[in-house]
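K.L.:
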Ligand code: DON
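Residue numbers (the numbering used here): 51 to 362.
(1) Taking 8 angstroms as the cut-off, decide whether the C-beta atoms of residue 171 and residue 207 are in contact.
(2) Quick check for students: name the residue ranges of the alpha helix (DSSP H) that lie wholly in the region 271-325, counting only runs of 4 or more.
(3) Could you check how far apart the C-beta atoms of residue 310 and residue 354 are, in whole angstroms? I think they sit under 8 angstroms.
(4) Between residue 22 and ligand 1, is the CB less than 7 angstroms from at least one heavy atom?
(5) Between the Cα of residue 74 and the Cα atoms of 361, 345, 156, which residue gives the shortest distance?
(6) Taking 7 angstroms as the cut-off, is the C-beta of residue 142 nearer than that to any heavy atom in ligand 1?
(7) Mind listing, in chain order, the continuous beta strand (DSSP E) runs of no fewer than 3 residues lying wholly within the region 216-267?
(8) Looking only at its own chain, which residues have a Cβ that is under 6 angstroms from the Cβ of residue 236, when we skip the five neighbours before and after it?
(9) Is any heavy atom of ligand 1 found at a distance shorter than 7 angstroms from the C-beta of residue 314?
(10) Below 8 angstroms, can you find three or more Cβ-Cβ pairs linking the region 125-134 to the region 280-299?
(11) Where does the unbroken beta strand (DSSP E) through residue 106 begin, and where does it stop?
(12) Using only the heavy atoms of ligand 1, determine whether one of them is closer than 7 angstroms to the beta carbon of residue 341.
(13) I think residue 326 touches residue 264, with their Cβ atoms under 8 angstroms apart; what is that distance to the nearest whole Å?
(14) Ligand 1 and residue 64: does the residue's C-beta get closer than 7 angstroms to at least one heavy atom of that ligand?
(15) Using the rule of at least 16 other Cβ atoms within 10 Å of the residue's Cβ for burial, across every protein chain shown, is residue 318 buried or exposed?
(16) May I ask which residues mark the beginning and end of the beta strand (DSSP E) holding residue 333?
(17) Can you tell me which residues form a DSSP beta bridge with residue 213?
(18) Please check the pair residue 166 and residue 145, which I expect to be a contact at CB under 8 angstroms, by giving their CB distance rounded to whole angstroms.
(19) So the beta strand (DSSP E) residue 94 belongs to, where does it begin and stop?
(20) Once you ignore the five residues that flank residue 200 on each side, which residues in its own chain have a CB closer than 7 angstroms to its CB?
(21) Provide the residue span of the alpha helix (DSSP H) that contains residue 193, from first to last.
(22) In the DSSP assignment, the alpha helix (DSSP H) including residue 137 goes from what residue to what residue?
(23) Report the option in 123, 99, 282, 328 whose CA atom is closest to the CA atom of residue 193.
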């Protein structure tokens with residue numbers, strides 16, 4: 051199924067119109083200056099079914115960067131590179147009630163390792179594990195993985211967003227130095243920051259993101275190519291983290307109200323998975339106070355109620 055064959059769906063369009071009503075209550079992220087250029091009232095969504103069909107609605111042409119959604123993908127890659135024992139020696143499995151960029155727990159939790167791979171500290175530790183002889187090769191491995199997941203070999207990064215974050219990421223640098231002090235990460239912090247900001251700046255539109263969701267819906271198997279891109283056990287593990295930590299300190303409420311694995315990014319993207327059925331890709335850059343797309347969450351609430359999506 052090609053992108054051309056993906057039809058605009060009227061039901062989805064109606065849900066989008068309804069969900070768009072809340073964009074005015076949120077705010078576009080501006081701590082990464084380039085993200086502040088997004089249109090607060092945009093909302094697009096695509097659903098990619100495991101049989102390779104799809105539907106879409108909203109401002110589909112708008113590309114957005116993955117930001118924290120990339121954390122699920124690097125986690126899968128690190129687990130494929132090293133196995134669970136190595137990865138979870140360096141990053142934990144517990145949700146946190148703190149914001150995504152908080153440094154507080156690194157000092158108070160013993161042993162001092164990030165609580166989970168979805169918060170910034172944990173994701174930086176995971177990106178530090180990606181195999182490759184230098185930062186170029188490591189990045190090539192990440193983007194090739196994303197291209198395979200989307201089956202779209204034109205996927206690239208927004209150089210502007212990557213540079214904008216690299217130039218301003220003082221808090222993430224602080225997390226890195228803290229992690230280095232505690233032996234969680236090795237190597238040059240600036241190189242890690244370059245790799246991490248590029249990973250976060252990988253851009254696509256909602257349909258590509260929905261396709262990644264469909265791969266997780268099939269426990270790692272690509273709906274178009276039939277290739278097992280992620281071992282089933284690792285795909286399941288990633289989905290579990292999406293349920294417990296994917297929406298940060300809003301994950302509990304999201305599990306109650308929507309009830310499916312999902313991962314958000316401050317660009318306004320949400321990757322959601324309806325196991326064995328479909329992947330959902332959403333872009334709505336107006337964020338709530340916890341850094342999740344406000345209209346994206348509303349849309350998922352509407353879809354979950356209408357189509358009984360909760361896995362619980
Ligand atoms: O590290 C950061 O702050 C961003 N590159 C990603 C954060 C993010 O997407 C949090 N998600 N809601």
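Even glycine gets a Cβ: it sits at the ideal position worked out from N, Cα and C.
P.N.:
Here's the rundown:
(1) Position 121 of the chain shown, counting from 1, holds the residue named residue 171. Position 157 of the chain shown, counting from 1, holds the residue named residue 207. It is not a contact, given that the beta carbons lie outside the stated cut-off.
(2) 282-295, 301-307
(3) Numbered from 1 along the chain shown, position 260 holds the residue referred to as residue 310. Numbered from 1 along the chain shown, position 304 holds the residue referred to as residue 354. Correct: roughly 7 angstroms between the Cβ atoms.
(4) What the structure shows of the chain is the stretch from 51 to 362, and residue 22 is not part of that stretch, so it cannot be assessed.
(5) Looking up residue 74 in the chain shown gives position 24. For the residues 361, 345, 156, the minimum Cα distance to residue 74 belongs to 345.
(6) To locate residue 142, count along the chain shown from 1; it is residue 92. No.
(7) 252-254
(8) Residue 236 sits at position 186 when you count from the first residue of the chain shown. Correct list: empty, nothing qualifies.
(9) Taking the chain shown and counting its residues from 1, one reaches residue 314 at position 264. Yes, the Cβ of residue 314 comes within 7 angstroms of a heavy atom of ligand 1.
(10) yes
(11) In the chain shown, counting from the first residue as 1, residue 106 sits at position 56. 104-108 is the span of the beta strand (DSSP E), which, as asked, contains residue 106.
(12) Position 291 of the chain shown, counted from the start, is the residue given in the question as residue 341. Yes.
(13) Position 276 of the chain shown, counted from the first residue, corresponds to residue 326. Position 214 of the chain shown, counted from the first residue, corresponds to residue 264. Actually they are not in contact, since the Cβ atoms of residue 326 and residue 264 sit about 10 angstroms apart, beyond 8 angstroms.
(14) Here residue 64 corresponds to residue number 14 of the chain shown, with the count starting at 1. Because no heavy atom of ligand 1 lies under 7 angstroms away, the Cβ of residue 64 does not count as near it: no.
(15) Position 268 of the chain shown, counted from the start, is the residue given in the question as residue 318. Its Cβ being crowded by 16 or more others within 10 Å, residue 318 is buried.
(16) Sequence index remark: in the chain shown, residue 333 carries index 283 (1-based). Here the beta strand (DSSP E) through residue 333 covers 328-333.
(17) Against the chain shown, residue 213 aligns to sequence position 163. Its beta-bridge partners do not exist; DSSP assigns none.
(18) Within the chain shown, numbered from 1, the residue matching residue 166 stands at position 116. Within the chain shown, numbered from 1, the residue matching residue 145 stands at position 95. Rounded, the Cβ-Cβ distance is 6 angstroms, consistent with contact.
(19) Counted from its first residue, the chain shown places residue 94 at position 44. 94-99 is the span of the beta strand (DSSP E), which, as asked, contains residue 94.
(20) By 1-based counting over the chain shown, the position of residue 200 is 150. Excluding sequence neighbours, residue 200 sits near 254, 258, 261, 262.
(21) The residue labelled residue 193 in the question sits at position 143 within the chain shown. 185-200 is the span of the alpha helix (DSSP H), which, as asked, contains residue 193.
(22) As a position in the chain shown, residue 137 is number 87, starting the count at 1. Its alpha helix (DSSP H) spans residues 134-140.
(23) Numbered from 1 along the chain shown, position 143 holds the residue referred to as residue 193. Measuring from the Cα of residue 193, the nearest candidate turns out to be 123.
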